[in-house]
Amino acid sequence: MEHRVDTLVIGAGPAGLAVAACLKKRGASCIIVDRAAEVGSSWRHHYDRLHLHSDRDRSTLPYLSFPAGTPRYPSREQVIEYLELYARHFELVPHFNEEVRTVRPHDSGWITTTPASVYHSQRVVVATGYNAVPYLPRWRGQERFGGRMLHSSEYRSGESFRCQSVLVVGFGNSGGEIAIDLHEHGARVAMAVRGPVNIVPREIFGISVLAISIVLSRLPARLADVLAAPLVRLSIGDVTRLGFRKPPMGPFTQIKATRRIPLLDIGTVKLIREGHIEVLGDIREIGDTRVTFDDGRSRDFDAIVAATGFHPRIDCFLAPQGDILDEQPQPPGGGEKKSGLHYCGFIVSATGMLREIGIEAQRVADEITRIEHHPRETR
267 MEHRVDTLVI
277 GAGPAGLAVA
287 ACLKKRGASC
297 IIVDRAAEVG
307 SSWRHHYDRL
317 HLHSDRDRST
327 LPYLSFPAGT
337 PRYPSREQVI
347 EYLELYARHF
357 ELVPHFNEEV
367 RTVRPHDSGW
377 ITTTPASVYH
387 SQRVVVATGY
397 NAVPYLPRWR
407 GQERFGGRML
417 HSSEYRSGES
427 FRCQSVLVVG
437 FGNSGGEIAI
447 DLHEHGARVA
457 MAVRGPVNIV
467 PREIFGISVL
477 AISIVLSRLP
487 ARLADVLAAP
497 LVRLSIGDVT
507 RLGFRKPPMG
517 PFTQIKATRR
527 IPLLDIGTVK
537 LIREGHIEVL
547 GDIREIGDTR
557 VTFDDGRSRD
567 FDAIVAATGF
577 HPRIDCFLAP
587 QGDILDEQPQ
597 PPGGGEKKSG
607 LHYCGFIVSA
617 TGMLREIGIE
627 AQRVADEITR
637 IEHHPRETR
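Take the working numbering: the last position of the sequence shown gets the number 645, and nothing is skipped along the way.
Shown next as structure tokens:
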């Protein structure tokens, strides 16, 4: 089936819905396509305990707040309900079960193909999300491991790991929360931490750290790090005493230089300090049950959960146009890189992913409608 539309939005998660709503507010038409069967599919596959690490009031999408009564840090289910409400409120009806195979320029526009359809559009907005494809490293000897090994994207609850010894690999936000969940379900937990880490509290004196980050992010990254350091030390303490190495850069510089978010601590550090979670180094080798670490220590485990992150999923359908992606390959992070091709949801920011998506969606919609209303000025 063939479709013709001004703008095609790829992805029915927070970024795609936000762009579509912003376009609709400006009187522009679009079609949303998504390979899943419902909005917010990535949120539906996260672990049960997941809550937003950013506060509710700074995590809303444009023009619609979370419903009254939503807690300060909404749960996974509440985020899904909010995305469903958002789609209903703006009467957004995505074309589901449409997995994009190719996106290529054609004449003055773009042709996007799925197994069932061909979409002709003047513009394409790629909003498939930064965390789309699980990244699972290879470790020496991992094929010999006799226990259960899974990526964090497959993890649901610590209930099935009760009374087991579990190694969580990675010290990002998912790894930190999964470690808490495992402990709460009676597992014996250790964490493999490969390198130096930045850790920041979720709140400082009752103030959301996101609110503080929004203010500090207006400054140069190094200056923001200097100003934030005393507050972080006061709240978190000296984490080198817990087995962590101090990184050469602060959290703001880290985000800018590496696109990696520091751990937003919601209780992991307390459990480590109390001895409930053991901190180990990088994995050197995996055996049948025993894992050896780079500091020479070794432990036996029943299961390994790899909280090792994700990659964006866009190189598969944009690969023929190599100039569109950067070297990783990653999207360029906001704005156009090629005429008529826009991105939303790929900027890693200290001010929160959902907040940044809202800002970026309005910017993309403004750019698209400016082109529609003043085409000669953009030539």
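Virtual Cβ for every residue (Gly too), placed ideally from N, Cα, C.
| query | result |
| --- | --- |
| Cut-off 7 angstroms between Cβ atoms - residues of its own chain near Leu489, not counting five sequence neighbours on either side | none |
| The beta strand (DSSP E) enclosing Arg270, as first and last residue numbers | 268-276 |
| Assumed close pair Ile552, Phe411 - CB separation to whole angstroms, cut-off 8 angstroms | 5 angstroms |
| Bridge-paired residues (DSSP) for His311 | Answer by DSSP bridge pairing: none, since His311 is not bridged. |
| For Asp373, the nearest candidate out of Ser387, Leu349, Val366, Glu364 (CA to CA) | Ser387 |
| Own chain residues within Cβ distance below 6 angstroms of Asn397, not counting five before or after | Phe576 |
| Distance CB(His391)-CB(Val275) smaller than 8 angstroms | Just to set this straight, residue 391 is Val in the shown sequence, not His. Contact flag set, yes. |
| Residues of its chain near Arg511, where Cβ-Cβ distance is below 6 angstroms and the 5 sequence neighbours each way are ignored | Pro462 |
| With 16 other Cβ atoms within 10 Å as the buried cut-off, status of Ile473 | exposed |
| Contact between the stretch 292-311 and the stretch 343-357 (3+ Cβ pairs under 8 angstroms) | yes |
| Val481: first and last residue of the uninterrupted alpha helix (DSSP H) it sits in | 475-482 |
| Distance between beta carbons of Ile623 and Pro280, contact taken as under 8 angstroms | 5 angstroms |
| Pro641 - DSSP class collapsed to helix/strand/coil | Residue placement at Pro641 is poorly supported in this model, since its pLDDT is 49, which falls under 50; the coordinates are not used for a value here. |
| Nearest residue (CA-CA) to Glu425, options Pro528, Ala284, Ala631, Asp314 | Asp314 |
| Per-residue DSSP class, three states only, for Val345 | helix |
| Residues that Ile521 bridges to, as DSSP identifies them | In the DSSP output, where bridge partners are listed per residue, Ile521 has none listed. |
| Cβ shell of Arg539 (< 7 angstroms), same chain only, five flanking positions each side left out | Leu508 |
| 4-residue-minimum alpha helix (DSSP H) runs that sit fully inside the stretch 335-386, ordered along the chain | 342-355 |
| Pro578 versus Val399: straight-line alpha-carbon distance, rounded | 6 angstroms |
| Every unbroken alpha helix (DSSP H) within the stretch 407-455, with a cutoff of 4 residues, ordered by chain | 439-450 |
| Gly375 vs Gly611 beta-carbon contact at 8 angstroms | no |
| C-alpha distance - Phe518 paired with Glu469, whole-angstrom precision | 17 angstroms |
| Endpoints, the alpha helix (DSSP H) within which Arg537 is located | Note that residue 537 corresponds to Leu in the displayed sequence, not to Arg. Start and end: 534-539. |
| Given 8 angstroms, three or more beta-carbon pairs between the stretch 295-306 and the stretch 350-358 | yes |
| Exposure label - Gly541; buried when at least 16 CB within 10 Å | exposed |
| Integer-rounded CB distance, given that Val571 should sit under 8 angstroms from Val434 | 5 angstroms |
| Beta-carbon proximity check, Tyr352 vs Ala287, cutoff 8 angstroms | yes |
| Phe567 beta carbon less than 8 angstroms from that of Ser423 | no |
| Proximity of Glu365 and Val305 at Cβ, strictly below 8 angstroms | no |
| Close-in-space but distant-in-sequence residues of the same chain around Phe332 (CB under 7 angstroms, 5 per side omitted) | Arg322, Thr326, Pro340, Tyr348 |
| Closest Cα partner of Leu316 within the set Asn363, Thr558, Gly441 | Gly441 |
| For Thr555, the three-state DSSP class (helix, strand or coil) | coil |
| C-beta atoms of Ala494 and Leu482 nearer than 8 angstroms | yes |
| 7 angstroms CB neighbourhood of Leu476 in its chain, flanking five on each side removed | Ser320, Asp321, Arg324, Thr617, Gly618 |
| Residue range of the alpha helix (DSSP H) that includes Val571 | Where Val571 is concerned, there is no enclosing alpha helix (DSSP H), although the beta strand (DSSP E) it sits in stretches over 569-572. |
| Rounded Cβ spacing between Leu529 and Ile465 (contact assumed at less than 8 angstroms) | 5 angstroms |
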